[in-house]
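>
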Amino acid sequence: MSGTDEPELAVGADAFTDRGAGLEVAVVGAGAVGATAAYDLAREGADVTLYDRGTVANDASGRAAGICYDAFADGLDAEIAGDAIERFRALSGDETFPFVECPYVWLARDGDADRADDIREQVRRMQDNEIVAFEMDADALADRFPALRTDDIAVAGIAGGAGYTDPAAYTACLAAAATGSGATLETETPVEVRTDPARVVHPDGEVREVDAVLVAAGAHTKALLADAGISLAMKPYRVQALVADGDLAEPMCYDASGDFYLRPHADGFLAGDGTEEREADPDAYDRDADPTFADDLLERVAHRVPGVAEGTLERAWAGLCTATPDRDPLVGRVDEGLYVATGFQGHGFMRAPAIGERLAEEILGGAGIDAFDPMRFDGDEAFDVVEGMALDRD
Numbered sequence: 001m002s003g004t005d006e007p008e009l010a011v012g013a014d015a016f017t018d019r020g021a022g023l024e025v026a027v028v029g030a031g032a033v034g035a036t037a038a039y040d041l042a043r044e045g046a047d048v049t050l051y052d053r054g055t056v057a058n059d060a061s062g063r064a065a066g067i068c069y070d071a072f073a074d075g076l077d078a079e080i081a082g083d084a085i086e087r088f089r090a091l092s093g094d095e096t097f098p099f100v101e102c103p104y105v106w107l108a109r110d111g112d113a114d115r116a117d118d119i120r121e122q123v124r125r126m127q128d129n130e131i132v133a134f135e136m137d138a139d140a141l142a143d144r145f146p147a148l149r150t151d152d153i154a155v156a157g158i159a160g161g162a163g164y165t166d167p168a169a170y171t172a173c174l175a176a177a178a179t180g181s182g183a184t185l186e187t188e189t190p191v192e193v194r195t196d197p198a199r200v201v202h203p204d205g206e207v208r209e210v211d212a213v214l215v216a217a218g219a220h221t222k223a224l225l226a227d228a229g230i231s232l233a234m235k236p237y238r239v240q241a242l243v244a245d246g247d248l249a250e251p252m253c254y255d256a257s258g259d260f261y262l263r264p265h266a267d268g269f270l271a272g273d274g275t276e277e278r279e280a281d282p283d284a285y286d287r288d289a290d291p292t293f294a295d296d297l298l299e300r301v302a303h304r305v306p307g308v309a310e311g312t313l314e315r316a317w318a319g320l321c322t323a324t325p326d327r328d329p330l331v332g333r334v335d336e337g338l339y340v341a342t343g344f345q346g347h348g349f350m351r352a353p354a355i356g357e358r359l360a361e362e363i364l365g366g367a368g369i370d371a372f373d374p375m376r377f378d379g380d381e382a383f384d385v386v387e388g389m390a391l392d393r394d
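Heads up: the sequence shown at position 341 corresponds to 341 in full-length UniProt numbering, and the numbers run straight through without jumps.
#1: Rounded to whole angstroms, what is the Cα-Cα separation between K222 and G366?
#2: Between which two residues does the beta strand (DSSP E) holding P264 run?
#3: Going along the chain, which residues of its own chain have a beta-carbon closer than 8 Å to the beta-carbon of F372, five neighbours each way excluded?
#4: What number of angstroms, rounded off, separates the C-alpha of D14 from the C-alpha of T165?
#5: For the alpha helix (DSSP H) that Q122 lies in, which residues bound it at each end?
#6: From the DSSP output, in three-state form, read off A37 for me.
#7: Return the first residue and the last residue of the alpha helix (DSSP H) that C173 is part of.
#8: Spatial neighbours of E206 within its chain, please: CB distance less than 7 Å, with the 5 preceding and 5 following residues excluded, ordered by chain position.
#9: Run through DSSP, which three-state label would I369 get?
#10: Got a sec? Which residues, its chain only, sit under 7 Å from R89 by beta carbon, not counting five neighbours each side?
#11: Less than 8 Å between the C-beta atoms of I355 and I80, yes or no?
#12: Find the nearest neighbour of A172 within the set D283, L185 and G161, judged by alpha-carbon distance.
#13: Mind checking whether T49 and A26 have CB atoms under 8 Å apart?
#14: Do you know whose CA, among D211, S257 and D290, lies nearest A241's CA?
#15: Quick one: what's K235 bridged to in DSSP?
#16: Any chance you could list the beta strand (DSSP E) runs of at least 3 consecutive residues sitting entirely within the region 126 to 161, in chain order?
#17: Counting only runs of 3+ residues fully inside the region 29 to 103, write out the beta strand (DSSP E) ranges in chain order.
#18: Looking at the secondary structure, which residues open and close the alpha helix (DSSP H) in which M375 lies?
#19: Could you check what DSSP says for V27 in three-state terms: helix, strand or coil?
#20: Using the C-alpha atoms, what's the distance from A140 back to residue 421?
#21: Alpha carbon to alpha carbon, how far is V123 from M234?
#22: What do you get for E44, buried or exposed, if any count of 16 or more other CB atoms within 10 angstroms of its CB means buried?
#23: Give me the residue from E277, A162, C253 and A280 with the minimum Cα distance to A271.
#24: Tell me which residues share the same chain as D211 and place their Cβ nearer than 8 Å to its Cβ, disregarding the 5 neighbours each side in the sequence.
#25: Since I believe V155 is in contact with V28 (beta carbons under 8 Å), could you give me their beta-carbon distance rounded to a whole number of angstroms?
#26: According to the neighbour-count rule (16 or more other Cβ atoms, all chains shown, within 10 Å of its Cβ), is V11 buried or exposed?
#27: Using a Cβ-Cβ cutoff of less than 6 Å, which residues in the same chain neighbour G34 once the five nearest sequence positions on both sides are dropped?
#28: Apart from the five residues on each side of it in sequence, which residues of its chain come closer than 8 Å, Cβ to Cβ, to D384?
#29: So what does DSSP say about G300, is it helix, strand or coil?
#30: Just the Cα atoms here: how many angstroms apart are A147 and R304?
#31: One question on the structure: do G348 and A32 come within less than 8 Å of each other, judged by their Cβ atoms?
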C-alpha cells in the first residue's frame, strides 16, 4: 500500500476523467460488484456514496471461493469473464491484492456419459469463441497434473485463462480505491431505496435524492427493491465451503460427477459444494457449515487428490448465492435512476471487475447488457433453485 493506504489503481486506462462530473450516485452494497462500480464511477468524476448495512465484503463477497475463469461456452459469458480476468491481472499486485494464475480443469468420471458429452460440447463451443480451452483424456491429464487421480476420468476440459484471488482483499482494495478517487464510504448504514425520484433513506430518516441508485446488495437486493415497489425474479440459496491444510499447487478443479470444486489456498486448499436447492432467508440463514459437510467433502477431495488425504480442516462456512429463472444475472436499469446487480448463480465475484465496469458505463449513459436486462421477467415467476457450479447444458 502507499503511504495513504490507498491502492494506486487510477493509472493508464484507469486514469481519471470527468464524464461523471455533476452526477450523484448512491451504491448500495459494498461487495465486489458494488465496490468496483463505485470506483469506476468515482474515477469518472461522479459524486459517489458507497453504502453497506455491515462492513466491506461483509456478506457474499467475503465468503466467496475466489475462483476466476473464462471457461464459458456462451459467447457473452466468456467475453465478460475474459474482461474480468484481464482486469484482475491489471489491478493486482504487491500493494493491492494477489491474483495467482492457475489452470482450471473440469471433468466427468467414467460412466457419466451425459456430463462427458457436455464437456466435449463445451470445449468445442469455447474454441469457437476463441477461448483457450482443450479436451484431455485421462492419460494426458495425468501427465499434465500428476497431483490428480485420473484412472476413473472419462474426459476433462482445461482452460488456461484462469486464476484465483482473495475475494475479501479484492473488495477491500476496490472500496479503498473508490474512496481514494473521491467516493464516500458509509458502512454500518442500512439504507432504504425509493424511486420517483431515485433516493436513499438513511436510518435516521434523512432522505438523499440522487441521480442514480445502484443496488448490488447480494441476497438482500430483492427485499430492498420490493420495498421500492419493484419485484425481482431472484431467489437466494445457501452454499458451503471449507479450507483445509494440504499440498495443492495446481490445478483448480471442478469434479462435475462428484459435485465439488477445489483450488489452492494459502492455508492448503479451498473446496466447496453443499448447495441447498431451495430458497434461503438472507436474514436468518445458518452461516456455519452443516455438521457432516466437511467430513464428506474432504473424503471426496482425497479421492481426486490423494496427496491431500491427510488434510486437516481449518474452517468451514456457509454463504448465499442468488438464482434466477434462466440462470443469467439481473444487471442494469429497473426504473428511472435505479439500477441493480444480482442473480449471479455463484459466479458474481469472478465477473465483478467487468460487471462493475459495465454498470458504471450504463449509469454514465452508455449501453447496458441486453441479455441481462433485469426487467425481462415479471418478477413473480415460479422457478426452482439450480446449483450455480454446474455444466452448461444450453
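Think of the CB as a built atom: it goes at the ideal place given N, C-alpha and C, for glycine as much as any other residue.
On the basis of the supplied data:
#1: Numbered from its first residue, the sequence shown carries residue 222 at position 222. Numbered from its first residue, the sequence shown carries residue 366 at position 366. Roughly 25 Å separates the two Cα atoms.
#2: By one-based count along the sequence shown, residue 264 stands at place 264. Taken as a continuous stretch (DSSP letters only), the beta strand (DSSP E) holding P264 covers F260 to H265.
#3: Within the sequence shown, numbered from 1, the residue matching residue 372 stands at position 372. If we look at F372 and ignore the five residues flanking it on each side, its Cβ neighbours are D328, P329, L330, V331 and G332.
#4: Here the question's residue 14 lines up with position 14 in the sequence shown. Here the question's residue 165 lines up with position 165 in the sequence shown. Legend: pLDDT at D14 = 48, less than 50; position of this residue unreliable, value from coordinates given subsequently. Roughly 21 Å between the two C-alpha positions.
#5: Against the sequence shown, residue 122 aligns to sequence position 122. A113 to D128 is the extent of the alpha helix (DSSP H) around Q122.
#6: As a position in the sequence shown, residue 37 is number 37, starting the count at 1. Three-state result, A37: helix.
#7: Start at 1 with the first residue of the sequence shown, and residue 173 comes out as number 173. It spans P167 to G180 - the alpha helix (DSSP H) in which C173 sits, taken as one unbroken run.
#8: To locate residue 206, count along the sequence shown from 1; it is residue 206. Cβ within range, chain order: n/a, list empty.
#9: Counted from its first residue, the sequence shown places residue 369 at position 369. Reduced to three states, the DSSP call for I369 is coil.
#10: Against the sequence shown, residue 89 aligns to sequence position 89. The answer, listed in chain order, is F99.
#11: For the purposes of this step, residue 355 is taken as residue 355 along the sequence shown, with counting starting at 1. For the purposes of this step, residue 80 is taken as residue 80 along the sequence shown, with counting starting at 1. Closer than 8 Å, so yes.
#12: If you number the sequence shown from 1, residue 172 lands on position 172. Of the listed residues, the one whose Cα sits closest to A172 is L185.
#13: Here residue 49 corresponds to residue number 49 of the sequence shown, with the count starting at 1. Here residue 26 corresponds to residue number 26 of the sequence shown, with the count starting at 1. Yes; because the gap between Cβ atoms is below 8 Å, this pair is in contact.
#14: Stepping through the sequence shown from its first residue, residue 241 is reached at position 241. Comparing Cα positions, the closest option is D290.
#15: In the sequence shown, residue 235 corresponds to position 235, counting from 1. Bridge partners of K235: A323.
#16: 133 to 136 and 153 to 159
#17: 47 to 51, 67 to 69 and 99 to 101
#18: Numbered from its first residue, the sequence shown carries residue 375 at position 375. No alpha helix (DSSP H) contains M375, which DSSP labels as neither H nor E.
#19: One-based indexing of the sequence shown puts residue 27 at position 27. Strand at V27.
#20: Only positions 1 to 394 of the chain appear in the structure, and residue 421 is not among them; the question remains open.
#21: For the purposes of this step, residue 123 is taken as residue 123 along the sequence shown, with counting starting at 1. For the purposes of this step, residue 234 is taken as residue 234 along the sequence shown, with counting starting at 1. Going by the C-alpha atoms only, they are around 29 Å apart.
#22: As a position in the sequence shown, residue 44 is number 44, starting the count at 1. E44 comes out buried.
#23: To locate residue 271, count along the sequence shown from 1; it is residue 271. The candidate whose alpha carbon is nearest that of A271 is C253.
#24: Reading the sequence shown from its first residue, position 211 is the one you call residue 211. The residues are L23, E24, V25, A198 and G337.
#25: Taking the sequence shown and counting its residues from 1, one reaches residue 28 at position 28. Taking the sequence shown and counting its residues from 1, one reaches residue 155 at position 155. Incorrect: roughly 44 Å between the Cβ atoms, too far for contact.
#26: Against the sequence shown, residue 11 aligns to sequence position 11. Confidence at V11 is low in this model, with a pLDDT of 40, below 50, so its placement is unreliable and the value that follows should be read with caution. Exposed.
#27: By 1-based counting over the sequence shown, the position of residue 34 is 34. The residues are V27 and A216.
#28: The residue given as residue 384 occupies position 384 in the sequence shown. Counting only Cβ-Cβ distances below 8 Å, and skipping sequence neighbours, we find E277.
#29: In the sequence shown, the residue the question calls residue 300 occupies position 300. The question names Gly, but residue 300 is Arg in the sequence shown. R300 falls in the helix class under three-state DSSP.
#30: Position 147 of the sequence shown, counted from the first residue, corresponds to residue 147. Position 304 of the sequence shown, counted from the first residue, corresponds to residue 304. Approximately 9 Å, taken between the alpha carbons.
#31: Numbered from 1 along the sequence shown, position 348 holds the residue referred to as residue 348. Numbered from 1 along the sequence shown, position 32 holds the residue referred to as residue 32. Contact flag set, yes.
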